[in-house]
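In what follows, a structure is listed as structure tokens, so that the remarks can point back to it.
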Amino acid sequence: KTLGRKFQEQLESLMIRLGATEPHFVRTIKPNVQKKALCFEAPLVLDQLRYAGLLEVCRIRQMGYPIRKDHEEFFRLFCCIHPEAKSLDELLNLLVKDGLLEGMEWQKGKTKIFMRASQFDAVSRARESALWEVAVLVQTFIRQKLARSRYLRTKSVFKDLEVGVNERDRDILEKSIPFAQKLPNAGKHVALLERARRVLAELKEEQEHLDEIAIAVESRDMEALPSLIARAESMGLGKKPIVEKAKVIMQQARAENEAMEALRDAISERDLSALAQALETADELKLGGTVEAKTARALLSRLEEEAKLLAELEDAMNRKATDEIGHLIQALLDIGAGENELVTKAQKMLKKIIKESKDRKKNLEKLDNDLREAMENKDLEHLNQLRIRIEELGAKGELVDAAMELRAKLEARDGLLRKIAVEMNVLAKRSRTLDGLEEDDIEPLSTAIESAESQGFTKEEEPEVAAAIKFLDRMSKQLEVQEQLEEALDTNTYSALLAALMAAQALGMQTMNARRVAEEVRHLEKIKMALDRIDNRRMRENLAAMLRFATKEEQDDVGRERLEKMNSEKFLQQVEETKDDDRYELKNHYRIRSDDDYTEQFPPAFRNHEANMKLWSSRAPIPKSLHEVDDDQNVIAIRINGAILRFCGDLSATNVANLAQFIVIQGLIDPRVADEIYIQLCKHLNGNSSADSEDSAWLIMCMCTKYFPPSELLTPYLLYFLNQHADRPSLIGNYVRLCLAQLGSTLELGPSKFKPSVEELAAYRKRPPVYITIKIVDGRSVSLPVSPNERIETVHRLVRQSTGILDAVHKPTWAVFVQDTNENKKDDLKARLVRFYKVYNTEKLSGIDAYVAHWRGREEELFTRLRDIYGPEPEDTKPGPLGKDGDAHQNKGGMRIPITTALAATKFLRLNQKAPKSGPAPKCSWPLPWWAFVGDIALRMARQSREPHFIFKRKVFSEKGVPDVLHYHQLVNDVQAGVLAIRSEHDIAELAAIALLLKHDNNIDLQDEEALINAALGAYIPKSWLKEKPIKYWAKKIASQHSDIGTSGSAKLRQRYVDTCKRAPTYGMCFFHATRQDSEREYVIGVDQRGLHILNAQKDEVVRSFPLKAIKKYGATSGCFWMKVKKSALKNEGGRGIGNRLSRSFGGAKPENMNMESSSSGNKFSFLKRNDGFDVVLNCLQSWELYDMVFSLKVTVTDDTKPTGKKNPARA
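In full-length UniProt numbering, the protein residues as written are 1 to 1212.
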């Protein structure tokens, strides 16, 4: 088709589309000349209306009949004024009679009724009045019906409540109470409803207690069962099947205890008949595998053998069979019966002393060694096992007596500690009941602690006793707080109620009075919020108007101030106090909405499910705020929840950066909304099965903790939540550490005065923010929060400012190195349980932590039972730490270059026929280029489930000047890690001796081999050398060959250390790992001030070198480094210190044989001839880092050798 033909077809299509529409003429009016929003200039608008003739049109329309209605339409609209009218004419006559239609204000045409505007308004008002009367009548009947239905429903609900209370039926109460909640004041004035709530709380408490008994029965916890059964009896649950089963188990336990006591008595009395009878009873009760039974069986066997041998010895003595007597005496000595009178008499009869056999001596010697080891470690289990061997051998002596005495003491200790643990558990459960504690409840624990201390187990030596004393103080404090709660309810003032509530929350109290006080405080705060609603709205408007974007200088000032306030001692103490303290679970916060309040908008059948999922992740929007706020804040909270769901990808969205900005700004201008944001984020992260959604929610958490803090009341709960996720691997753990670090400074400084830009928040979607700890070579470390848009250059500057290290700004010799660690895996039992119960039984989610603690280590047994009860285990929709196939952040990436640059490079290298291979994984740390983003580095490693470690050290060593302390420390670390390969044993011993002397300030004797070993000599010798020679060999070598080193001062020792390291061929190099295109062989690439060097795998020999002046062009792609080498420059460098390195070929071809190489081999790696030079191609995962290293060194050489290849686009 020609261009004209195409145009004709498009025009015809456009005309067909226009013909199918109803076009309207629209006259646009310009409101102002400045083109500003919300600006209206009346004279300008009036002139436009006048010049366009619109005023004349309006005037003409007013003179005519602008309102025109068809006859049918007019009758349909206005027949409601006179329903008795049967036709249009009759209706018109009635309207004229009523005075609604006047004179020339209207006219009847053949098909239409014409009216002026005033006439139409009058008739319309009459129509509205008629409709209003009808609507009121309809509403009257409907309201009557609704009121009657509500009354009947309420009456039915109260009947059900009465039945539920009398029969203590939990299902009826759970279904009926939510309906009664809709009464005024939530039904608090209705005694039956309050009683029903109390009964429901008691039923839930009883069910929890029965669940605890079931767990104790399952694990046969005999220490806990007596108190659990006693409490069940007091609660009237004695006839429940699980309680009956527990009683049967307790009876079995009593019988087992009696059998164990009989075994112990028989062992101590050494009575054969008692031992046999006790063992028979133990076998009947299946106790044959216990230590006591094994000990008794060993003793019984030895005593029977001893009795048999003594009888045979007596018979042999009567027969005077001397040979037989000797053999029997030897046998009795071997079983430890040498002290028997008959044995002594037999030896006198033979007139010689028969000694123990060598085997027995060997066994006794081994027993003594094991006893000493067990006594030193105070290992009760080992001592119990050794007791069996003692009875088997019949061993005696002071060591055996001391060991058995220690065993008895350790058993008594364990018994006392178990008693304390049981009493603490009982007291803790009692403290969480509706009625709380009584004075007598703490007496058993107090008695157990006193008993432990009286036997020498003090709180200074036993952490369990110290914890019990601390717990007892907390329970005593609860008794005081219970009285405070009662007094607060009597006074009913906000200050007294709030003070009592804060004291109860600090102790994690869940008594009925604590709940009543919380309800009263919420009620009073709700009233106060309603009264202050206008003031709060005005405050939000004022704060929003004051927020502005920060300048670059202000951002730097804020960053410095935040670093100074980060990780204060007070904050770190608060973090430690909230760690693993379930009092600060978010569900215990008093401002969280009650289940009835939160679920009142849901149908009754779904309320229990929604209540269970209130603080768990869900893709459904919330019906109202998660904690108590006013009506305006509730609307904002719902909008924030929608923004979070859209940002996290649970709902569709376009510009997510604007959503993030909206969330942060709302938190900046309203502290109550800030708390709501943090609570919603905790909900979204709790049990989230989507990797993408969870990762995005953590990004919002990082943004929020940077800009605004939670309230003082919410802070411990947020810290507890963050601590629960602190050990997560990969990026999630990094996010948590970043949030904690940012939260410390935000709590100190308060909300930010500046709002974030959309561009700043959009960077969070490109790469993650990170919290990195950078180690300095001298042992110091610097921890820094790094925003997504901050490069290594910024980190370099901050580290230098924190440590005082001096370095050139434009030509830095220091760099941030990174090294990856091994894969980090973590047990995910809780996540599996959450996923299981979210599908099958959401009510179990409230006790998830108790199930995890109980079943830890028996996961397969647990999930086998769950599959039998519920069904197959739900699949994990969270593919990994970063999404499916380890790459959930598909919109995030590592260091890349534009596609045009990559194509140009491959075309230049003739590699476009086949993609180059990827290089080998790095095996040591490598320097990061200044233009790289830290978030990209962390993300790239997290995709492989690896943790990056950052080190700040020199990448270039100066050949001149005296080495400083940091120079020495870096060399020590490199030698220890094997990065700097030392080939000589003499040099290794010398370096280790110097390092030891400097470590101990010359206060160590190098001739004392034992002192060298005790001074951790092995830490200064590379592991590869320790595998070849033991540590004693190195101590002897230092003592014999390097004892004279100690006479030098510290400066001279450091200089000697550096001089020794300089003899290594790889001194001062940064290392990269690469392969060639035509081979799988790996090479180590070393770069220093002299050039680029090819090393062997051990990094102790240079295979080939390329001086910097010989490198004419160079460049990189995402996985490949290339350079053009000038052959004549290689020849000219023969006598400059690296000539011997040029004699070796790399890849089997010398520079002078380049004529034989083919330049059309495509992706085959070799030396490709190009006039006076050839190309070198290396596949390297750190290609850009290698490029930056060569570039930073090339800019220091003369102008005639500056690179002509393109630099990194990011650097440009």
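By construction, the Cβ of each residue, glycine as well, lies at the ideal position given by its N, Cα and C atoms.
Just so we're clear, the structure is a prediction, and the values are computed from it rather than from any experiment.
**Request:** Would you identify the three-state DSSP class for F957, choosing helix, strand or coil?
**Result:** Looking at F957 - three-state DSSP - the assignment turns out to be coil, as it is neither helix nor strand.
**Contact the segment 581-600 vs the segment 622-639: 3+ CB pairs below 8 Å** = Output reads yes: the segment 622-639 touches the segment 581-600.
**Request:** Whole angstroms is fine: what's the gap from K294's alpha carbon to N257's?
**Result:** Just so you know, the alpha carbons of K294 and N257 end up roughly 16 Å apart.
**Request:** Since I believe L699 is in contact with Y764 (beta carbons under 8 Å), could you give me their beta-carbon distance rounded to a whole number of angstroms?
**Result:** So it is a contact: roughly 5 Å between Cβ atoms.
**Message:** Going by DSSP in three states, V782 sits in which element: helix, strand or coil?
**Reply:** Correct three-state label for V782: strand.
**Request:** Measure the alpha-carbon distance for F721 versus R538 and round it to whole angstroms.
**Result:** About 33 Å.
**Request:** Determine, using beta-carbon pairs with one atom in the segment 783-801 and one in the segment 926-936, whether at least three such pairs fall under 8 Å.
**Result:** Contact holds: three or more Cβ-Cβ distances are below 8 Å.
**Request:** Could you name each continuous alpha helix (DSSP H) segment of 4 residues or more that falls completely within the segment 744-815, going from the start of the chain to the end?
**Result:** Scanning the segment 744-815 from its first residue to its last, the whole alpha helix (DSSP H) runs of 4-plus residues come out as 758-766, 792-803.
**Asked** Do L161 and A180 have their CB atoms nearer than 8 Å?
**Response** The answer is yes: Cβ separation under 8 Å.
**Request:** Express the C-alpha separation of L342 and E312 in angstroms, rounding to a whole number.
**Result:** Between the C-alpha atoms of E312 and L342 there is a straight-line separation of about 11 Å.
**Message:** Tell me the rounded alpha-carbon separation between E56 and R50.
**Reply:** When only Cα atoms are considered, E56 and R50 end up about 8 Å apart.
**Request:** For F40, name the three-state secondary structure that DSSP assigns.
**Result:** Of the three classes helix, strand and coil, the one that applies to F40 here is coil, per DSSP.
**Prompt:** Below 8 Å between beta carbons: does that hold for A85 and L91?
**Reply:** Yes, Cβ-Cβ distance for A85 and L91 is below 8 Å.
**Item:** E212, buried or exposed, once every other Cβ within 10 Å from all chains shown has been counted against 16
**Value:** Counting the other Cβ atoms within 10 Å of the Cβ of E212 gives 16 or more, which makes it buried.
**Message:** Per DSSP, what are the beta-bridge partners of T1075 in this structure?
**Reply:** Beta-bridge pairing by DSSP links T1075 to E1082, N1179.
**Prompt:** Could you give the uninterrupted runs of the alpha helix (DSSP H) lying entirely in the segment 966-1017, keeping only those of 4 residues or more?
**Reply:** Counting only runs of 4 or more, we get 985-999, 1009-1014.
**Prompt:** Using the rule of at least 16 other Cβ atoms within 10 Å of the residue's Cβ for burial, across every protein chain shown, is R61 buried or exposed?
**Reply:** Exposed.
**Asked** Quick one: what does DSSP say P23 is sitting in, helix, strand or coil?
**Response** Of the three classes helix, strand and coil, the one that applies to P23 here is coil, per DSSP.
**Message:** Classify C1061: buried if its beta carbon has 16 or more other beta carbons within 10 angstroms, exposed otherwise.
**Reply:** Buried.
**Asked** Which whole-angstrom value describes the C-beta separation of P948 and V818, a residue pair presumed to lie in contact below a C-beta threshold of 8 Å?
**Response** Confirmed, about 5 Å.
**Request:** Please say whether L272 and L303 have beta carbons closer to each other than 8 Å?
**Result:** Yes, they are a contact pair.
**Message:** Tell me which residues share the same chain as Q1182 and place their Cβ nearer than 7 Å to its Cβ, disregarding the 5 neighbours each side in the sequence.
**Reply:** Answer for Q1182: P922, W926, F1072, listed in chain order.
**Backbone CA spacing between V1177 and R946 [nearest angstrom]** = Each residue's Cα considered, the two are about 28 Å apart.
**Prompt:** When DSSP labels each residue in this structure, what does C80 get in the three-state scheme?
**Reply:** The three-state reading of DSSP puts C80 in coil, since its state is none of H, G, I, E or B.
**Asked** Is DSSP giving H725 helix, strand or coil here?
**Response** H725 falls in the coil class under three-state DSSP.
**Request:** Assign G1049 to one of two classes, buried (16 or more other C-beta atoms within 10 Å of its C-beta) or exposed (fewer than that).
**Result:** With fewer than 16 neighbouring CB atoms inside 10 Å of its own CB, G1049 falls in the exposed class.
**Prompt:** Closest Cβ-Cβ distance between N973 and chain B: below 8 Å?
**Reply:** Any reference to chain B falls outside this structure, which holds one protein chain only.
**Message:** Measuring alpha carbon to alpha carbon, tell me which residue in D1175, A466, L367 is nearest R387.
**Reply:** Of the listed residues, the one whose Cα sits closest to R387 is L367.
**Message:** Spatial neighbours of M941 within its chain, please: C-beta separation below 6 Å, excluding the five flanking residues on both sides.
**Reply:** D820, P948, listed in sequence order.
**Prompt:** Okay, do the segment 119-126 and the segment 100-107 touch, 3+ Cβ pairs below 8 Å being the bar?
**Reply:** Taking one beta carbon from each stretch, the segment 119-126 and the segment 100-107 have 3 or more pairs nearer than 8 Å; the two touch.
**Request:** Could you have a look at G1115 and say whether DSSP puts it in helix, strand or coil?
**Result:** G1115 carries a strand assignment under DSSP once its states are collapsed to helix, strand and coil.
**Message:** For R540 and D532, what's the separation of their Cα atoms in angstroms?
**Reply:** It is roughly 12 Å from the alpha-carbon of R540 to the alpha-carbon of D532.
**Message:** So for S1159, helix, strand or coil by DSSP?
**Reply:** Only weak support is given to the placement of S1159: the predicted model assigns it a pLDDT of 31, under 50, and the value that follows is read from those uncertain coordinates. Looking at S1159 - three-state DSSP - the assignment turns out to be coil, as it is neither helix nor strand.
**Asked** Can you name the residues that DSSP bridges to Q107?
**Response** In the DSSP assignment, Q107 is bridged to F114.
**Burial state of I527 (16 or more Cβ within 10 Å)** = Around the beta-carbon of I527, fewer than 16 other beta-carbon atoms lie within 10 Å, marking it exposed.
**Request:** Tell me, to the nearest whole angstrom, how far the beta carbon of A762 is from that of A657; I am working on the premise that it is less than 8 Å.
**Result:** Indeed they touch by this definition, with Cβ atoms about 4 Å apart.
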